[in-house]
Each structure stands twice: as C-alpha cells, then as structure tokens.
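Some notes on the structure that comes next.
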Amino acid sequence: MQIQNKIAFFICIISTFLLVSCDGNRVFDEYASVGKSWDKDTALTFKFQQPDSTSSYNMFVNVRNTNEYEFRNLFLIVNMNFPNGNVVSDTLEYEMAKPTGEWLGTGISVKESKLWYKEGKRFPFKGIYEVTIQQAMRKINEPNGIQSLKGISEVGFRIEKK
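Residue 96 in my numbering is what sits at position 84 of the sequence shown, and the numbering runs on without skipping anything.
Next comes the structure, spelled out in structure tokens:
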C-alpha cells in the first residue's frame with residue numbers, strides 16, 4: 013500500500029510539472045485586479061521589455077468575470093505605447109456570453125476569457141512597451157458610458173510566441 017501511495021505522489025508531481033512547463037509559448041502574462049468595480053476612467057497598465065525583434069507574437073487580453081457582469085459583450089480601449097513614442101489605439105468589442113446568456117470562457121464561479129488582441133506582430137523598437145486597457149461600456153441612450161462596471165474582477169495582458 014505504501015508503494016502505491018509513493019507512485020501516486022510521484023505521478024502527481026510529474027503531472028504538475030508537465031502542466032506548468034507546457035506554457036512554453038508564453039512571453040508575458042500579467043493580471044491587474046479592478047476591485048469590486050471597474051471605473052471608466054481607470055486604465056490598467058502593463059509594461060514589458062521588447063522581446064526578440066525577429067520573432068512574431070500573438071497578443072491577448074484576458075478577462076475574468078463573475079455572474080455580476082450584466083452584459084453579453086465588452087467594449088475596451090487598448091493603447092499600445094511604443095518606446096519610440098508611437099501609440100496605436102484600438103476600440104475592441106468582445107462577446108462574453110452566448111445569446112442564451114451562457115457565459116463563454118472557462119471556470120465555474122469566475123469565467124476567464126482569452127480574447128484576441130493582435131496576431132503575428134513584431135516588436136521592432138528596443139525599450140519598454142506599455143499597454144493600457146480601459147473599459148468603454150455604455151447603455152443604450154446613455155452616451156456618457158458606465159462609470160462603474162461591476163462583474164469584471166481582473167484583466168490581464170498576455171504575449172505568446174506565434
């Protein structure tokens with residue numbers, strides 16, 4: 013019986029190691045908490061050093077939401093600030109739930125969605141890059157937007173080797 017426990021423990025350790033090491037494409041992966049609600053004027057900032065300039069990368073916005081999130085979609089403004097001073101700004105819309113109301117993403121009480129931002133991009137300039145992400149949600153006939161967005165708990169930014 014003790015040998016079976018040792019074998020089970022060994023298999024558990026090996027499995028954990030394999031799961032952790034399978035993320036070999038990850039170059040950058042960081043999250044920021046938004047607290048109980050995400051203020052429309054709060055930009056989440058992610059800074060990273062230029063990765064290999066000869067390789068192509070895919071970039072993602074990761075969002076963790078709870079059942080308190082009351083919308084089917086999510087609008088974000090994402091700015092990529094380059095070390096040379098250039099800024100690329102995108103307004104993005106992501107689907108967060110099916111028309112039936114069933115959440116997309118993975119998880120049980122908190123859903124995590126990995127949302128495409130840019131595909132096959134290179135980082136040509138040496139230095140620090142900065143990505144800022146703001147929520148840009150609004151209700152119909154309310155042009156000022158939602159000041160305090162509930163149900164989003166964390167937002168992340170991820171870069172993977174293509």
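All C-beta atoms in this analysis are idealised placements derived from N, C-alpha and C, irrespective of residue type, glycine included.
Predicted model only: the values in this text are computed from it and were never measured.
May I ask you to report which of helix, strand or coil DSSP gives residue 162? strand
Where does residue 102 sit, in a helix, a strand or coil, going by DSSP? strand
For residue 42, which beta-bridge partners are listed by DSSP? 169
Assess contact between the stretch 130-150 and the stretch 85-93, defined as three or more Cβ pairs (one per stretch) separated by less than 8 Å. Is contact present? yes
Could you compute how far the alpha carbon of residue 33 sits from the alpha carbon of residue 44? Residue placement at residue 33 is poorly supported in this model, since its pLDDT is 46, which falls under 50; the coordinates still yield a value, given next. Rounded to the nearest angstrom, the two C-alpha atoms are 23 Å apart.
By the three-class DSSP mapping on this structure, what secondary structure does residue 109 have? strand
Measure the Cβ-Cβ separation of residue 105 and residue 162 and say whether it is below 8 Å. no
Would the beta-carbon of residue 132 fall within 8 Å of that of residue 70? yes
Identify, in the order they occur along the chain, each residue of the same chain with its Cβ nearer than 6 Å to the Cβ of residue 118, setting aside the five sequence neighbours on each side. 124
Here's the rule: buried if 16 or more other CB atoms are within 10 angstroms of the residue's CB, otherwise exposed. What is residue 100? exposed
With burial defined as no fewer than 16 other Cβ atoms inside 10 Å of the residue's Cβ, what is the status of residue 128: buried or exposed? exposed
Identity of the residues DSSP links to residue 125 by a beta bridge: 75
Identify whether residue 33 lies in helix, strand or coil by the three-state DSSP scheme. Low local confidence applies: a pLDDT of 46 at residue 33 is under 50, so the model's placement there is unreliable, with the coordinate-based value given in what follows. Residue state, collapsed to three classes: helix.
Distance, residue 102 Cα to residue 92 Cα: 9 Å
Neighbour-count burial assignment, residue 77, 16 or more Cβ in a 10 Å radius: buried
Just how far apart, CA to CA, sit residue 173 and residue 157? 35 Å
Starting from residue 62, trace the beta strand (DSSP E) in both directions and tell me its first and last residue. No beta strand (DSSP E) holds residue 62; DSSP gives it neither H nor E.
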